[in-house]
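So the structure is just underneath, and the comments pick up after that.
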Amino acid sequence: MLATYNFLVGFHNLLRWVVVLGGVWALVTMIRGLATQAAWTQQAGLSARVFTYGLHLQLLVGLIMYGLLPAIGRASTGPIDARVSLVAHAGYMILAVIAAQVGTSTARRAADDRAKYMRSTVAYAIAMALIFWMIPWSRSLIPWG
Ligand code: HEM
Numbered sequence: 004m005l006a007t008y009n010f011l012v013g014f015h016n017l018l019r020w021v022v023v024l025g026g027v028w029a030l031v032t033m034i035r036g037l038a039t040q041a042a043w044t045q046q047a048g049l050s051a052r053v054f055t056y057g058l059h060l061q062l063l064v065g066l067i068m069y070g071l072l073p074a075i076g077r078a079s080t081g082p083i084d085a086r087v088s089l090v091a092h093a094g095y096m097i098l099a100v101i102a103a104q105v106g107t108s109t110a111r112r113a114a115d116d117r118a119k120y121m122r123s124t125v126a127y128a129i130a131m132a133l134i135f136w137m138i139p140w141s142r143s144l145i146p147w148g
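One point on numbering: in the working numbering, the residue at position 98 of the sequence shown is 101, and numbering is uninterrupted.
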């Protein structure tokens with residue numbers, strides 16, 4: 004069970020880079036689209052999907068790890084680094100996933116391209132602020148490292 008858990012921690016570490024880089028890509032794309040009053044592009048939609056799907060996968064992996072904690076004899080509440088508690092990490096990251104998903108869904112239904120970029124910009128900025136805040140940066144930056 005510990006081996007499974009440790010594998011998932013490494014995968015969760017790796018997926019963090021998909022989320023961080025996908026998020027930067029999506030947010031820069033949305034801000035640029037808003038600033039230049041551009042038409043919605045396929046690339047904008049792709050960046051939104053990479054970010055949102057990456058987040059959902061990360062959420063799933065995180066929840067499985069959380070569920071495995073009792074089996075490996077760890078508390079579900081302790082700190083994961085000097086700054087971030089596990090409860091805060093899980094709670095605020097869930098809010099980040101919701102923010103990003105609300106942005107992606109409402110942008111899809113927006114009447115015009117300006118509104119698409121606007122909704123995505125606001126939602127992804129909130130999501131990225133929460134993500135950067137809640138990543139335990141003092142832990143290993145590379146998976147299984
Ligand atoms: C959605 C965005 C999230 C990101 C970007 C993220 C990122 C990270 C990172 C970088 C670590 C450190 C990994 C390592 O030490 O190698 C970590 C640890 C952890 N995360 Fe997340 N996480 C997210 C969401 C969640 C959620 C929603 C949960 C649980 C419900 C969760 C549960 C955990 C657990 C249990 C650990 C600690 C592993 C340990 O101390 O053994 N994560 N997370």
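We put the beta carbon where it would ideally sit given N, CA and C, even for glycine. Fair warning: this is a prediction, and the values are worked out from it, not measured in the lab.
Under the DSSP assignment, L5 falls in the alpha helix (DSSP H) whose first and last residues are L5 to A38.
Where A47 is concerned, the enclosing alpha helix (DSSP H) starts and stops at Q45 to L71. According to the DSSP secondary-structure assignment, P82 is paired through a beta bridge with S88.
Between I83 and P146, the C-beta gap is not smaller than 8 Å, which leaves the two residues out of contact. Taking every protein chain shown into account, the CB of F135 has fewer than 16 other CB atoms within 10 angstroms, so this residue is exposed. For the pair L58 and V100, the CB atoms are nearer than the 8 Å cut-off.
Not one heavy atom of the ligand HEM sits closer than 7 Å to the Cβ of R86.
Proximity of the beta carbon of V53 to the ligand HEM is not indicated: no heavy atom of the ligand is located closer than 7 Å. Closer than 7 Å to some heavy atom of the ligand HEM: that does not describe the Cβ of S141.
Annotated as distal: Y127 and G148, with beta-carbon spacing of 8 Å or more. The ligand HEM approaches G65 closely enough that one of its heavy atoms is under 7 Å from the residue's Cβ.
Under the DSSP assignment, I129 falls in the alpha helix (DSSP H) whose first and last residues are D116 to M137. If you compare the alpha carbons of N16, L5 and V31 with that of S141, the shortest gap goes to N16. Judged by DSSP in its simplified three-state form, R142 adopts coil rather than helix or strand.
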